[in-house]
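A.B. asks: What follows is a single structure, and I will ask about it in a moment.
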Amino acid sequence: MSLFDFFFPEQAQASLLRTLVNENRRKKRRETLEGRTLEKAEDRIEALENDLGFVALLLGSLLAKLDEKGVLTRQDVKDAMPTLDGADGVADGKLDIRVLRGMQH
């Protein structure tokens, strides 16, 4: 207990209450900002999932039509995948999109 607390207990209590209120306000602001950031991230993830679902549907449709017309079989695609998989320097079942973009030229 400080001398201020001893001689002025009511003022000390009021000061402590103001400090607690201010800390609570800062905490609520921080939580609100964190909540908004999390909400934005969740929205972006949902948008990416929707985009990926559309791309998968489009790719599946193209492969089905090419196979149906005899232009390219699904086996042709399967055979090409291991070679293309290593084009980004890592055989991991994925392809860096920058490699695919570079194939346009």
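Numbered according to the working numbering, the sequence shown spans residues 1 to 105.
Ideal placement from N, C-alpha and C gives every residue a C-beta, glycine not left out.
Note that the structure is predicted; figures quoted are calculated from it, not measured.
(1) Could you tell me the distance, in whole angstroms, from the CA atom of residue 91 to the CA atom of residue 78?
(2) Roughly how many angstroms lie between the CA atoms of residue 22 and residue 12, to the nearest whole one?
(3) On the three-state DSSP scale, how would you describe residue 40?
(4) Roughly how many angstroms lie between the CA atoms of residue 86 and residue 44, to the nearest whole one?
(5) Against chain D, with Cβ distances strictly below 8 Å, would residue 52 count as a contact?
C.D. replies: Looking at the coordinates:
(1) Taking the first residue of the sequence shown as position 1, residue 91 is located at position 91. Taking the first residue of the sequence shown as position 1, residue 78 is located at position 78. Their Cα atoms are separated by approximately 14 Å.
(2) Locating residue 22 in the sequence shown gives position 22, counting from the first residue. Locating residue 12 in the sequence shown gives position 12, counting from the first residue. Rounded to the nearest angstrom, the two C-alpha atoms are 15 Å apart.
(3) Counting from 1 along the sequence shown, the entry for residue 40 is found at position 40. Here DSSP, grouped into helix, strand and coil, assigns residue 40 to helix.
(4) Along the sequence shown, read from residue 1 onward, the residue named residue 86 stands at position 86. Along the sequence shown, read from residue 1 onward, the residue named residue 44 stands at position 44. Between the C-alpha atoms of residue 86 and residue 44 there is a straight-line separation of about 29 Å.
(5) No chain D is present in this structure, which holds just one protein chain.
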